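Residue numbering for the sequence shown follows the numbering used here, beginning at 25 and increasing consecutively. Where a beta carbon is used, it is the ideal one built from N, C-alpha and C, also for glycine. A quick note: this is a predicted structure, and the numbers were derived from the prediction, not measured. Structure, as structure tokens:
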Amino acid sequence: MLEAIPWRTITHYGLHFVAPLLLAMFFRKDRRWKAYLIMLCTMIIDADHLLADPLFDPNRMSIGFHPLHTYYAIAVYAILCVIPYERLHWPWWLRAVGVGLMFHMFTDWQDYALWM
25 MLEAIPWRTI
35 THYGLHFVAP
45 LLLAMFFRKD
55 RRWKAYLIML
65 CTMIIDADHL
75 LADPLFDPNR
85 MSIGFHPLHT
95 YYAIAVYAIL
105 CVIPYERLHW
115 PWWLRAVGVG
125 LMFHMFTDWQ
135 DYALWM
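Structure follows, in structure tokens:
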């Protein structure tokens, strides 16, 4: 019975949809739902998969292959997570974007590295 359960798919999409909800709990109480929705919106980054041929390959590592999944892009996403927004008077939601994108990269990495 366990062999019939698609654990890789459940893990991948669980991390994409449930984990941001848990991560949103680290934001101020009045911003949690907005942070969650922002992190969900960061999944638009997967639009770069449309440039790939074939469009979907379950055996391909997304990290380092797709343009918005490069190591340079990941460095920018990491910086978004640690900028002192309050001190710079920048909008708080940029951190939610950074956290969402970094966790997206982790999710895509684990989908290949832990399941292949």
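Inset, instruction - Output yes or no for whether 8 Å exceeds the beta carbon distance between Met126 and Cys105. - result: Going by C-beta atoms, Met126 is nearer than 8 Å to Cys105.
Inset, instruction - Give the secondary structure of Met140 by DSSP, where H, G and I count as helix, E and B as strand, and everything else as coil. - result: In the three-state DSSP reduction, Met140 falls in the coil class, being neither helix nor strand.
Inset, instruction - Identify, in the order they occur along the chain, each residue of the same chain with its Cβ nearer than 6 Å to the Cβ of Trp117, setting aside the five sequence neighbours on each side. - result: Excluding residues within five positions, the ones whose Cβ falls inside 6 Å are Ile62.
Inset, instruction - Keeping to the same chain, check which residues put their C-beta closer than 7 Å to that of Trp139; ignore five residues upstream and five downstream. - result: Arg32, listed in sequence order.
Legend entry - Span of the alpha helix (DSSP H), counted from its first residue to its last, around Pro30: Run containing Pro30: none; DSSP gives neither H nor E here.
Inset, instruction - Label Val121 either buried or exposed according to how many other C-beta atoms from any shown protein chain fall within 10 Å of its C-beta, with 16 as the threshold for buried. - result: A buried status is given to Val121, since no fewer than 16 other beta-carbon atoms sit within 10 Å of its beta-carbon.
Inset, instruction - Using 10 angstroms around the beta-carbon of Met49, count the other beta-carbons present and answer buried if the total reaches 16, otherwise exposed. - result: Exposed.
Inset, instruction - Rank Pro78, Phe130 and Val123 by C-alpha distance to the C-alpha of Tyr60 and give the top, closest one. - result: Among Pro78, Phe130 and Val123, the Cα nearest to that of Tyr60 is on Val123.
Inset, instruction - Verify whether the separation of the beta carbon atoms of His93 and Asp132 is less than 8 Å. - result: With contacts defined as CB atoms closer than 8 Å, His93 and Asp132 qualify as a contacting pair.
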